[in-house]
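Taken in order, these protein sequences are the chains called P and C. For what it's worth, the numbering used here labels the leading residue of the first sequence as 9, then goes sequentially. For what it's worth, the numbering used here labels the leading residue of the second sequence as 34, then goes sequentially. Yeah, the Cβ is synthetic: ideal placement off N, Cα and C, and Gly gets one too. Let me begin by presenting the structure, written as structure tokens, before commenting on it.
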Amino acid sequence: MADAVATPDITTYLAQQERKELLRFLTAGNVDDGKSTLIGRLLYDTQLIYEDQLAAVRRDSERKGTTGGEIDLSLLMDGLKAEREQGITIDVAYRYFSTSRRKFIIADCPGHEQYTRNMATGASNCDLAIILIDARHGVQQQTRRHSFIVSLLGIKHVVVAINKMDLVGWSEEVFERIKSEYIDFATRLEMGDLRVVPLSALKGDNIVEPSTHMPWYQGETLLHLLETVHIASDRNLIDLRFPVQYVNRPNLDFRGFCGTVASGVIREGDEIAVVPSNQRSRVKSLVTYEGTVPEAFPPMAVTVVLEDEIDVSRGSLLVHPNNVPVVDRHFEAMLVWMAEEPMAPNKPYLVKQATSLVSGTVTRLHYRVDVNTLRREDATALAMNEVGRCTVTLSRPIAVDPYRRNRTMGAFIVVDRLSNRTVGAGMILDRRLSEDRAPSAWDGDTREAARAAAPTAVGLAERTMRFGQQPITVLFTGFEGAGKSTLAYALERRLFDAGRAVAVIDGKQMRQTISRDLGFTTAARSENVRRATGVARLLNDSGLIALCALMAPEAAVRSKAREAVGADRFLLVHVATPLDVCQARDTQGVYRRAALGELGDFPGVSAPYDAPTDADLVIDTSTEALAQSVDRLVSLLESRGAFS
Amino acid sequence: MSTYSLSHLRQLEAESIHIIREVAAEFENPVMLYSIGKDSSVMVRLAIKAFHPGRLPFPLLHVDTTWKFREMVSFRDAFAKEHGIKLIVHTNRSPEAQALHPITAGSKKWTDVMKTQALLQALEAHGFDAAYGGARRDEEKSRAKERVYSFRDRFHQWDPKNQRPELWNLYNGRIDKGESIRVFPLSNWTELDVWQYVHLENIPVVPLYFAKVRPVVERNGMLIMVDDDRLPLQPDEVVQQKLVRFRTLGCYPFTGAMESTAVTVPDIVEEMLVATTSERQGRAIDHDESGSMEQKKKEGYF
Ligand SMILES: Nc1nc2c(ncn2[C@@H]2O[C@H](COP(=O)(O)OP(=O)(O)O)[C@@H](O)[C@H]2O)c(=O)[nH]1
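This is the structure in structure tokens:
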């Protein structure tokens, strides 16, 4: 609003205002990170705090007496009386301000541990999130939680505001350290556009004006970033989805379908299909109060008139016939639980998605995510503020798109049938991504089945002749840092130099390639071993010796691996280096991260490791020299007739 | 059009239309509260847009305290007639209400009986299950957390702890018999947005919003217009002719005027841009106690 004075011509001003864009963002941070101060500062610096409001706050500040007579800008932000009495913010509050370029809607989300649901609520409509970090404390557990929810809700732009830079001597080093720590962590989340800004909300540095205290920071100020971040392309203009909201039939001559364009562009004359009835028609006109328009795009609210009298009602979806969504009774979703009463699998609920309201149940809870550590854990129910991956089954099919691709078509709320409360919110997942498949993927995954599926023209006997060896798989199991990979690669070198055909399958490589879609639950670890042994079997069938370096902590999973490869050509090597030695080595910093809970249930730290009783060889790398271990491995292979 | 982007006002407009349609689709018997002010005027325009070329599928309800400005009442009647809108006007005719006088009762009591109770009477009498209101979240800080769908129990009570989370544009309109919701389609609009929209859309508003020479008295630091001869004057009060306008409209004995020369909407916007006080300052009701709006809300006032 500051620009008003500079624009003497009010008509020009109004014309310009009427072209302004809208940006919705949320602010998240721990209590006392300075969220309220930051918002107060934004409103103050854009002159949206009136004198009477300021006077009221001044009175409140004095009464409260926490700021020693100084005005406490954060008081402007408080709403409900009950909360004010407790001195905390416990619900999402919405604030408004604008500059000459944009109008801003702030969803002010409380920082308290137990309020995941409020953050999800605030985030659901936002284009951007500001995550506050106190420069003195750096990345905290709550920072991780906030970031996770932001990524879960599909917010495409994230600004990490490192606040209270004045209290760390405006130090570039501190800033860079926190920045890289954050980026390190954020790579594990799906986050599009990430910016990091050093601030002092209290003093106003880098809020509106560039800081004079931090000349080393060359980036944009927070406000400038908010004004210019490009959000237009965040919308999906490709897949036409028009959920019919209301049928407008004022008289016999007019029948229009009212709704808001969720995605894509609808044009007069377009051929359309109605989902789920699959009837076809054409768009006769797009009606608005101002007259008909040639096309409509998100988020326009229009009325569609079709050429033909076909059956369309609330809950129907208009799409282009060559681009239709999935219509199904089942889908997988990430679910945020919001009610005191826990989510119970198989309990009947109501599900509202777009303009459909359908009864349904959660038929399966695949796992729960600990929002603080991102750890996936097995669970039988979701309590308030918990997040889990579920399969939802409805009483009738509806049209859905993955949330990542289409916010409107991929979002739903869960309503309790008795209390009518909104108890959950979900984001539909892309069904093509297989994540954490059940251990049952092992079923039928045998050497015989593999052979039957691929009758090869080149026989195994021919290969054995050519390579002068019998193919075999060696599984090195043991703690992280035990020396599995080192042994596998050393053995590979020895065998290769001796003219053998050999390959290593390393767990770390698996994680980065074939198994990059997997997490770290028990089921996911099992699936990773299954995939690795599948590759080993393929190599064996091609005549090669396969050396697998995998943690494979579970005895049951190892015996499945033995079966899948074929017991006659499987060797188990237990790399039995003691845990304290492994932890002291911590070559990859993995134990440090595991201790922070970042890696899920971690064998040796927070999950068991079943030491094998059926190992063909035991190696302790803390007491035995590498060359000697390799000698013993070669002897083992020879004794099993791999080569002579 | 080729950039497929909407201005902030068009986005707000689309969002409000979506909300208005959603309620009409999901509720059996909605009503739109019409206070005759600028926000109501904008809300009704949005509703007309939502159902064009059809008529509004619900009536308007005005709670008349009988102490509204005369210009408001004539504007209301002309407006309803022009648009062929069904308008219900309700006044609390209970003996208690009949005995009440705004000045002697004070704004708190007056609002409770003539607005809150009257509104509840009307909602009950017609069995409305949803009532649209023109309140905005930027009006007052206790409103910052208000939902778009504000849930009320069988006694029309609002419980801050019992409001439903609202995500995306998925509103939960499930209620049991006797329960109802208040709906605020203008939640995300600011005072400035409203005036800009009035300007853009050329929406007629009550002339009281524009400056004119009017008879006023100074009372408790406010300029009160002597709208008719029912206003008892204190011995030391003199009626002065001043160039004034109103920023908000209500019962005239409680509504402060401001000195102004703004005679057009752009003038008003220009004045707002340099204003140093917020909109609600002109309302006696908020001065009573801190957090008073919240109290009113719990009791059923909007
Ligand atoms: N020195 C300094 N103090 C700050 C800064 N931002 C906020 N604070 C102080 O940190 C405390 C908590 O701030 P507040 O905004 O209430 O935090 P919230 O809980 O995140 O809303 C207050 O005492 C603020 O004055 C800053 O940039 N520098």
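Cβ of residue i within 9 Å of any chain P Cβ
i	result
residue 61 of chain C	no
residue 87 of chain C	yes
residue 178 of chain C	yes
residue 165 of chain C	no
residue 226 of chain C	yes
residue 341 of chain C	Nothing about residue 341 of chain C can be reported from this structure: the residues present for chain C run from 34 to 335 only.
The alpha helix (DSSP H) enclosing residue i, as first and last residue numbers
i	result
residue 497 of chain P	492 to 505
residue 517 of chain P	515 to 520
residue 556 of chain P	Where residue 556 of chain P is concerned, there is no enclosing alpha helix (DSSP H), although the beta strand (DSSP E) it sits in stretches over 553 to 557.
residue 527 of chain P	Where residue 527 of chain P is concerned, there is no enclosing alpha helix (DSSP H), given that its DSSP letter is neither H nor E.
residue 328 of chain P	Per DSSP, residue 328 of chain P belongs to no alpha helix (DSSP H) and is neither H nor E.
residue 193 of chain P	180 to 194
residue 590 of chain P	587 to 593
Cutoff 9 Å: residue i Cβ touching any chain C Cβ
i	result
residue 433 of chain P	yes
residue 198 of chain P	no
residue 253 of chain P	yes
residue 101 of chain P	yes
residue 390 of chain P	no
residue 26 of chain P	yes
residue 45 of chain P	no
residue 35 of chain P	no
residue 245 of chain P	yes
Residue range of the unbroken beta strand (DSSP E) whose run includes residue i
i	result
residue 259 of chain P	254 to 259
residue 300 of chain P	299 to 301
residue 398 of chain P	395 to 408
residue 137 of chain P	136 to 142
residue 293 of chain P	288 to 296
residue 26 of chain P	Segment: none, residue 26 of chain P is in no beta strand (DSSP E) and carries neither H nor E.
residue 257 of chain C	255 to 258
residue 582 of chain P	578 to 583
Collapsed DSSP secondary structure at residue i in the structure displayed
i	result
residue 655 of chain P	Examination of residue 655 of chain P is not possible in this model, given that chain P is present from 9 through 652 alone.
residue 120 of chain C	strand
residue 130 of chain P	helix
residue 418 of chain P	helix
residue 117 of chain P	coil
residue 336 of chain P	strand
residue 348 of chain P	coil
residue 310 of chain P	strand
residue 108 of chain C	helix
residue 95 of chain P	Bear in mind that the predicted position of residue 95 of chain P carries a pLDDT of just 43, short of 50, making it too unreliable to give a figure here.
residue 427 of chain P	coil
residue 478 of chain P	coil
residue 289 of chain C	strand
residue 542 of chain P	helix
residue 274 of chain C	strand
residue 44 of chain C	helix
residue 361 of chain P	strand
residue 243 of chain P	coil
residue 38 of chain P	coil
residue 111 of chain P	strand
Own chain, CB closer than 7 Å to residue i, minus 5 neighbours either side, in chain order
i	result
residue 274 of chain C	246 and 248
residue 589 of chain P	630
residue 229 of chain P	214, 215, 216, 217 and 218
Contact set for residue i: own chain, Cβ-Cβ below 8 Å, skip 5 residues either direction
i	result
residue 256 of chain C	249, 250, 275, 277, 289, 290, 291 and 292
residue 357 of chain P	367, 368, 369, 370, 422, 423, 424, 425, 431 and 432
residue 262 of chain P	256 and 313
Contacts around residue i, its chain only, beta-carbon distance under 6 Å, and the 5 residues preceding and following it disregarded
i	result
residue 391 of chain P	350
residue 153 of chain P	379 and 380
residue 324 of chain P	252 and 282
*Return the chain-ordered ranges of every alpha helix (DSSP H) run that is complete within the region 46 to 96 of chain C and spans a minimum of 4 residues.*
Segments of the alpha helix (DSSP H) lying fully in the region 46 to 96 of chain C: 71 to 84.
*Only counting runs of 4 or more residues, tell me where the alpha helix (DSSP H) segments fall wholly within the region 195 to 249 of chain C, in order along the chain.*
224 to 234
_Going residue by residue through the region 124 to 194 of chain C, where are the continuous beta strand (DSSP E) segments of at least 3 residues, counting only ones entirely within it?_
163 to 165 and 182 to 185
*Complete beta strand (DSSP E) runs within the region 611 to 642 of chain P (minimum length 3 residues, chain order)*: 625 to 627
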